[in-house]
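Worksheet: one structure, shown below.
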Amino acid sequence: MKRKRVKELLENQVTGEKVLVKGWVRTKREIKNVAFVALNDGSTINNIQIVIDINSFPAELLRDITTGASLAVTGTLVASQGKGQNVEISASEIILYGKCDPETYPLQKKGHSMEFLREIAHLRFRTNTFGAVMRIRHAMAFAVHKYFNDRGFFYLHTPIITGSDAEGAGEMFHVTTLDLENLPRTPEGRIDFEGDFFGKATNLTVSGQLEGELGALALGEIYTFGPTFRAENSNTPRHLAEFWMIEPEMAFWDINDNMDLGEDFTKYLIRYALDNCREDLEFLNKMIDNGLIERLEFVLANSYMRLTYTEAIKILESSGRKWEYHVGWGRDLQAEHERYLVETHFKRPVILTDYPMSIKAFYMKQNDDGKTVRAMDVLFPGIGEIIGGSQREEELDKLTRRIEELNLPLKDLWWYLDTRKFGTAPHSGFGLGFERLILFMTGMSNIRDVIPFPRTPRNAEF
Ligand code: ATP
Ligand code: MN
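The sequence shown begins at 5 in our numbering and counts up by one.
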């Protein structure tokens, strides 16, 4: 017989049918001569109830059916007598695949702390919370591809190992096959990468954008969706050393088109989650964050507030708040400032534009004022920055001058500059941090709990 998933059985509810189901025991309780087992196979947050006539099965088998054990159950799907479910399975045959020792299985009790579950990240998928988060994460990844595919964007795979250090040094992980115990040196005493695998210094990428631009300036609209790596030593609930980023890049789009895309795209993803992940969202809304669904619906119902960085600074300066980090024109905004604008002042997502040139990357399009660039950051409730993007500088001389001013390695960027030499065109794009999106969609409070295996300073277990 072909196995049916719990999700399907609970949805179809064709009673009287003989079915085969496989999964892991969540709970077992016995009343008189009957055992009730809640079985979960990961397909849904809900369990299916297995009803077992104790007299029809060996006592040894029944004893081994404990929380965490893995079973195959054949039986008849019947209308349930009890509350909480419409159907249950009256078991006729049970195979025990794997026992689960109650003495040592760490997931006995309910209500473990997130910190504890991080230490057993190899098993935490079996909890309701992580099951819900991972199913939502999957749905969001699928929706990202669907959104762009439906709109004629091409998925471009940008490299993970990169020879460019474009965003500025200091935050990258080196990739090398050199013998770290015995590093070759140049006559000047520097590390000699000539003998390294690629014959030059290489790193893990911090962003696929620069390569994405090359694709966009030929294919029109592209997006990347891949892992990125930042060796920033920031131990915050919103930073990972390895995270996934979605980076659309569009030829002939200006900053306003870019903002429209950022708003439409995030709203599409929220709508998709509400339509396709209802049960998981309701679970998280009940157990993790009571404001979750309301917040998702609220963001959908309102347009994002758009204003310039300069206007935002004025609002922050006249707020009367005491800030941990000083506010002033020319300084970068911290999460506390971003969240004040979103959660207290405007009470909806905010798109800030036209940041000071000095705090943004070299490739952003320079405004005529000579001080600001055509950047756009999208700020979300509970998160702060979720998207960072800009219109790109398409003029070769302005771009070259900026690279020189910042002392970036001009000659390493020859390929990037070629796009400005040969048929340059206005273009724009942004980066959306996938885990920040999942934080928002799930109401989870720590970014370590929305990725299967978090990588953070001093932690690379599993
Ligand atoms: P932040 O100021 O929050 O560190 P950033 O300015 O460094 O962000 P960008 O370089 O613009 O961010 O990256 C684009 C997006 O990637 C951000 O808007 C955010 O959603 C996400 N992001 C950036 N750094 C991280 C990180 N360390 N972990 C997870 N997501 C990140
Ligand atoms: Mn950062």
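In this text, a Cβ means the ideal position worked out from N, Cα and C, and glycines have one as well.
Simplified DSSP state of residue i, which is helix, strand or coil
i: THR71; result: coil
i: ALA173; result: Caution applies to ALA173, whose pLDDT of 44 falls short of 50 and renders its modelled position unreliable; the value that the coordinates give is listed next. Reduced to three states, the DSSP call for ALA173 is coil.
i: GLY219; result: helix
i: ALA235; result: coil
i: ILE467; result: Nothing in the structure corresponds to residue 467, since the chain is present only between 5 and 466.
i: ASN289; result: helix
i: TYR159; result: strand
i: ARG440; result: helix
i: LEU127; result: coil
i: LEU182; result: coil
i: GLU97; result: strand
i: ASP336; result: coil
i: GLY199; result: helix
i: PHE466; result: coil
i: ARG189; result: strand
i: GLU328; result: coil
Host alpha helix (DSSP H) of residue i (start-end)
i: LYS402; result: 400–409
i: VAL148; result: 132–154
i: GLU298; result: 296–305
i: ASP268; result: 259–280
i: PHE120; result: 118–123
i: ASN16; result: 10–16
i: THR423; result: 418–425
Cα-Cα separation between residue i and residue j, rounded to whole angstroms
i: TYR109; j: LYS22; result: 32 Å
i: GLY386; j: ASP358; result: 23 Å
i: LEU187; j: LEU296; result: 52 Å
i: PRO458; j: PHE129; result: 13 Å
i: PHE158; j: ILE226; result: 4 Å
i: MET144; j: GLU283; result: 15 Å
i: ASN153; j: THR228; result: 12 Å
i: TYR367; j: ASP196; result: 30 Å
i: TRP257; j: LEU14; result: 47 Å
i: TYR344; j: GLY266; result: 21 Å
i: GLY88; j: ARG325; result: 49 Å
i: MET254; j: GLY435; result: 12 Å
i: THR78; j: PRO231; result: 42 Å
i: MET138; j: ASP372; result: 46 Å
i: CYS281; j: GLU301; result: 14 Å
i: HIS178; j: ILE164; result: 12 Å
i: LEU314; j: GLY392; result: It is worth fixing the name first, because residue 314 is Thr in this sequence and not Leu. Approximately 17 Å, taken between the alpha carbons.
i: ARG406; j: GLY388; result: 28 Å
i: THR446; j: ASP45; result: 21 Å
i: ALA83; j: ASN90; result: 6 Å
i: GLU119; j: ARG194; result: 42 Å
i: LEU383; j: PRO353; result: 6 Å
i: ALA73; j: GLU175; result: 44 Å
i: ALA147; j: LYS271; result: 11 Å
Of the listed residues the options, nearest to residue i (C-alpha basis)
i: ASN306; options: GLY203, ASP268, HIS330 and LEU320; result: ASP268
i: ASN239; options: LYS290, GLN17, ILE451 and VAL25; result: ILE451
i: ASP183; options: ASN44, ASP200 and VAL55; result: ASP200
i: LEU443; options: VAL382, VAL77, ILE140 and PHE202; result: ILE140
i: GLU321; options: LYS6, THR181 and LEU337; result: LEU337
i: ARG310; options: TYR272, TYR276, LEU288 and MET263; result: MET263
i: LEU273; options: ARG242, LYS150, MET291 and THR209; result: LYS150
i: ASN59; options: GLN53, THR70, SER84 and ALA95; result: ALA95
i: GLN53; options: GLU64, VAL29, SER47 and GLY332; result: VAL29
i: ILE1; options: GLY332, ASP68 and ASP57; result: The requested residue 1 is not part of the displayed model; the chain covers only 5 to 466.
i: ILE259; options: ALA235, HIS431 and ASN289; result: HIS431
i: THR48; options: ASP105, ALA136, GLY20 and GLY388; result: ALA136
i: ARG378; options: ARG405, ASP45, PRO360 and ARG155; result: PRO360
i: ALA316; options: ALA147, HIS341, GLU215 and GLY219; result: HIS341
i: MET448; options: MET249, THR190, LYS290 and ASN50; result: LYS290
i: GLN370; options: PHE384, HIS349, VAL346 and GLN395; result: GLN395
i: THR428; options: LEU441, ALA125 and LEU403; result: LEU403
i: GLU251; options: GLN213, ALA76 and GLU347; result: GLN213
i: PHE466; options: ARG122, THR71 and LEU75; result: ARG122
i: LEU100; options: THR133, GLU92, ASN132 and PHE61; result: PHE61
Residue i - containing beta strand (DSSP E), residue span
i: ARG310; result: 309–312
i: GLN395; result: 388–395
i: PHE434; result: 431–437
i: GLU342; result: GLU342 -> not in any beta strand (DSSP E); alpha helix (DSSP H) instead, spanning 339–343.
i: LEU24; result: 22–35
i: VAL377; result: 376–384
i: ASP372; result: Run containing ASP372: none; DSSP gives neither H nor E here.
i: PRO360; result: 354–360
i: THR206; result: 206–208
i: LEU43; result: 38–44
I'd like the ranges of any beta strand (DSSP E) spanning at least 3 consecutive residues and lying wholly in the stretch 49–95. Secondary structure remark: continuous beta strand (DSSP E) runs of at least 3 residues inside the stretch 49–95, in chain order: 52–57 and 74–83.
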